[in-house]
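Structure record follows, encoded as structure tokens.
Residue numbers (the numbering used here), protein chains in the order written: chain U, 511 to 1092; chain B, 511 to 1092.
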């Protein structure tokens, strides 16, 4: 179960494949130069290897536990979190005014990759805190910012997202938690479920961002406001005051991510109401929360690719050691020599690298889309387009790769002590939280490929075609069919998107929704193949170790069937709606 | 978590799709008429619903536990097993001489389907016992038969398969357990791992079938003999005597199937040696064990399809109840109305039914291939061909469908109390045990599609083509493209198989092995599509509720991309072998 952060590979993908180098030229990388990227990721890698990775199994075995006075972290976790904060890892992206380093989101996502490779249950907490920081930076009053942002940016306190209620999951219109005005603050009453890190003892305060309704709120999603509710109230001098009327009243027993407490949070259960402060303007809470959600989505996608990376490393190590049977001429061969095992391992690598590149590219687009950047609107739209793909595809990859990792281990994969099964159990939730993958697919077909009448999509597909052209431009025979398959797939995605826009215009929304998931898959596999191809093209140019094999494998079995699959899926929409189900 | 055995559907598939009706005409269904099938499955269904299904979560939560004097079953399990034996469910297929009903394997497999739908951890035990009965019936001496078979057939005792050792998993050539002759018996010394139900307190004796080496045994797989080692020795009058020197010394903590103890078995740990009796002739143990393994493989495939059925039922029930958002015009709609949820549910149904039909068809072929049947050699070869497909594809389906089932549940799917996650955890091992799915794929490409120079495969593919022709013959427009896709896929499998045989003849074995898994998948999806099509054809003929929708969906998204995928996989073999892996 040894783990090594593959820093060179990550830095290469970030700079050269996902486009951080170009973003830097456009001024969208802050003060980060290419050497910084490598240096920071190396440091992060060491911390992850030394401190976080050894706690991964510990957290799985011990769980976070709800006791009388709150949730207690697994053994060793308090110390690890303190060390992580001490080393400054919480402050990468926060604004300088609040003590942050204002580094690009792309770097944050690469760091998220590393934390999650080492310990996904640990790494979820910072993702939520970074999201809370972003939401508060964008929407909170100066007074709230001054009190809460320094503590959140430093990691002294952590942030949570309180959205879901029993009757309001994917559809937040049903939210019932209410906020009653009282002077400069509000008192909140209600219950939230599935709140990750809703309570813990890693820090001495927790800052909840909570969706709730004001008394005069209109029904539906346009009547939801965002509130900041601290676990402990904060005095004017910044010291902690009374315990607020908010508490964790239950922790779910989950398939995985055992060390990440999934809390049922009661607001106002004592009758006082939880004191909260309005963030942004009344009734506009959902939009403010989506600032946070969107960036959290690419980070959740990253979780999927990261656990895939860890599972791949573990399977590779096992396959290099475990001996069984003979392979070709080799007797008592390490199973890594068996063709069927090789194919599983190569598939794991290809899927992981494709998913990672998509997540990194999405993060780079987020950076380039910030207000004030050149072509900010173009890049903001690009980020919007890639977010559902990054989230849904990379989390599917997390599951698929972890599943293959178990298979590589044979019988040992089914035994918990090996750790291979934990990756599948942990990764399984990524496809569900932060908007289920079905929600992502719907977002893609309804809102993203239709952006600017399809121009946003068209620009992206042109970029993928350029990758194919560049592959042909190398004159490398091994990239010839990669380029051809990529062109064919891009064409198919393009045609399918046009057909979808037409169907939407004609009012056949339900038929489109029935094909949303296969469309997302086909699009993502196409994008992933393009990034693998782009990496291989750069290898050719540098005469370096060729990444062509992964591009070839991925474009063969995974990409080349996509056009036909996509056609069938679009044809089949009617069927999905009409077929008897009982 | 309610569960209902879908008896009508199972009986229909067994009789009309998998061919039990035809087998009956050929005399291969024993005394079983079609009404019997339905009646027996109904009875089994009731037992499964009332007794086994309620214990499924209990077993998951409590595990089977190793105590000082052996393994103790989960609460309620002893009583359930006793009731199951009392009702006669253990004796379906055993020979009449030993108290069995000599009913067809096809019925046994359908019963296995039901037991596993209700409670997969419970159902594994009888699969092993049925296997032991088959091995002893075929290979044991009359004396051994007379002592052990009545008890095993009745279920009073259970059987186990002791193959794996730490260094000998997929490759049994490395087996080291040794058997020293002593008069009419042997004393065994060694350790076996991963022994399902190696110990338990459900019965007062356990009959281990153990692979071991005689002192004069040649190295490799031709030096392995099969022994019967009882937990308690049996006196001449049939009463239980002394405890044998065999014991469970450890139970694995596994991802799933918690109530099924996976034991490390020590033979001869006390120094006496475990007393065992030779089954069959010396050094021919592996072949004798394969008698048992082969039929166990179709049953394990059945486990996959059965858990898929249970997961589908549970997801359907949840989706019919859980309300969220609006679907078309319906506000606060049950999520079963959402197109993306429908597509998951329909995919689950289609995969499950395809996998079930393949397993049933394999079982029917086993029945028709028994010595003395008409065209026994033809059907035996058919069973040999279908066994790896049934095992590998249906177990993959178990994982895929259980995974989708979690997704349908959204956040609730990740919470253990819902039970959706258990199905994935339970199903995961089916792809590993009884020969990993990689081993199945290798078996298919190396030994099965080459049987009789490909004639066995050709006959089967002709049958699939006849299904396509029958679909066209209905003149139903909705089956037109199903038939066309089926023809195309059969053609692709045919061509790929020819290419594989050619590559093998040319000595490119490793390249073939690199494409074995995709070939198996393509073949299985083609066969599954054919069975769904066959079911739909019969609906057309009967003007009954059309199963066409599932056939259309399956043949569209799943089947139609297969020819291209298969081509790419065969092209990619070289790549898999050569690609750098580290």
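We treat Cβ as the ideally placed atom computed from N, Cα and C, and that holds for glycine.
query	result
Using a Cβ cut-off of 7 angstroms, which residues of the stretch 864 to 897 of chain B contact any Cβ in chain U, in chain order?	none
Measure from the alpha carbon of residue 870 of chain U to the alpha carbon of each residue in U/821, U/517, U/516, U/530, then state which is nearest.	U/530
For chain B, check one thing: does any of its Cβ atoms lie closer than 8 angstroms to the Cβ of residue 702 of chain U?	no
Using only the alpha-carbon positions, how far apart do residue 616 of chain B and residue 873 of chain B sit?	5 angstroms
If we cut at 8 angstroms on Cβ distances, does residue 728 of chain U have a partner in chain B?	no
Quick one: is residue 809 of chain B near chain U, going by C-beta distance under 8 angstroms?	no
On the DSSP bridge list, what partners appear for residue 753 of chain B?	B/742
First and last residue of the beta strand (DSSP E) that includes residue 774 of chain U?	772 to 777
Quick one: what does DSSP say residue 582 of chain U is sitting in, helix, strand or coil?	strand
Could you name the residues of the same chain whose beta carbon sits closer than 6 angstroms to that of residue 606 of chain B, not counting the 5 residues immediately before and after it, in chain order?	612
Hey, does residue 939 of chain U have any beta-carbon neighbour from chain B nearer than 8 angstroms?	yes
Quick check: the Cα distance between residue 688 of chain U and residue 732 of chain U, rounded to an integer number of angstroms?	14 angstroms
Could you tell me whether any Cβ in chain B is nearer than 8 angstroms to the Cβ of residue 855 of chain U?	yes
Determine the extent of the beta strand (DSSP E) in which residue 672 of chain B is found, giving its start and end residues.	668 to 672
Kindly indicate if chain U contains any beta-carbon less than 8 angstroms away from that of residue 538 of chain B.	no
Can you list, in chain order, the residues of its chain whose CB lies under 6 angstroms from that of residue 879 of chain B, leaving out five sequence neighbours each side?	886, 889, 890, 893
What does a CB cutoff of less than 6 angstroms around residue 848 of chain B pick up in its chain, not counting 5 residues either side in sequence?	837
When DSSP builds the beta bridges, which residues end up paired with residue 691 of chain B?	B/696
Please name the residue in U/765, U/784, U/622, U/679 whose C-alpha comes closest to that of residue 692 of chain U.	U/784
Would you call the stretch 945 to 953 of chain B and the stretch 925 to 941 of chain U touching, i.e. three or more CB-CB distances under 8 angstroms?	no
Can you tell me which residues form a DSSP beta bridge with residue 575 of chain U?	U/582
Out of U/781, U/655, U/645, state which residue places its alpha-carbon closest to the alpha-carbon of residue 720 of chain U.	U/645
May I ask you to list, following chain order, the residues of the stretch 1066 to 1085 of chain U that have a beta carbon less than 7 angstroms from some beta carbon of chain B?	1066, 1067, 1070, 1071, 1074, 1075, 1078, 1079, 1081, 1082, 1085
Please classify residue 602 of chain U: does DSSP put it in a helix, a strand, or coil?	coil
With distance defined between alpha-carbon atoms, name the residue in U/681, U/774, U/747, U/746 nearest to residue 729 of chain U.	U/681
Would you identify the three-state DSSP class for residue 764 of chain U, choosing helix, strand or coil?	strand
For the candidate residues U/716, U/727, U/589, U/707, whose alpha-carbon lies nearest to that of residue 630 of chain U?	U/707
On the premise that residue 556 of chain U lies in contact with residue 521 of chain U, defined as a C-beta separation below 8 angstroms, what is that separation, rounded to the nearest angstrom?	Not really, about 14 angstroms apart at Cβ, beyond 8 angstroms.
Give the residues from the stretch 823 to 841 of chain B that approach chain U closer than 9 angstroms (Cβ to any Cβ), ordered along the chain.	826, 829, 830, 832, 833, 834, 835, 836, 837, 838
Just checking: is the beta-carbon of residue 780 of chain B within a distance shorter than 8 angstroms of some beta-carbon in chain U?	no
Would the beta-carbon of residue 1024 of chain B fall within 8 angstroms of that of residue 852 of chain U?	yes
Can you tell me whether residue 962 of chain B is buried or exposed? The criterion is at least 16 other CB atoms within 10 Å of its CB, across all chains shown.	exposed
With distances taken between CB atoms, is the gap from residue 912 of chain U to residue 821 of chain U smaller than 8 angstroms?	yes
Here's the rule I'm using: 16 or more other beta-carbon atoms within 10 Å means buried, otherwise exposed. How should residue 600 of chain U be labelled?	buried
Per DSSP, residue 722 of chain U is paired with what?	U/735
Is residue 516 of chain B near residue 562 of chain B, with beta carbons less than 8 angstroms apart?	no
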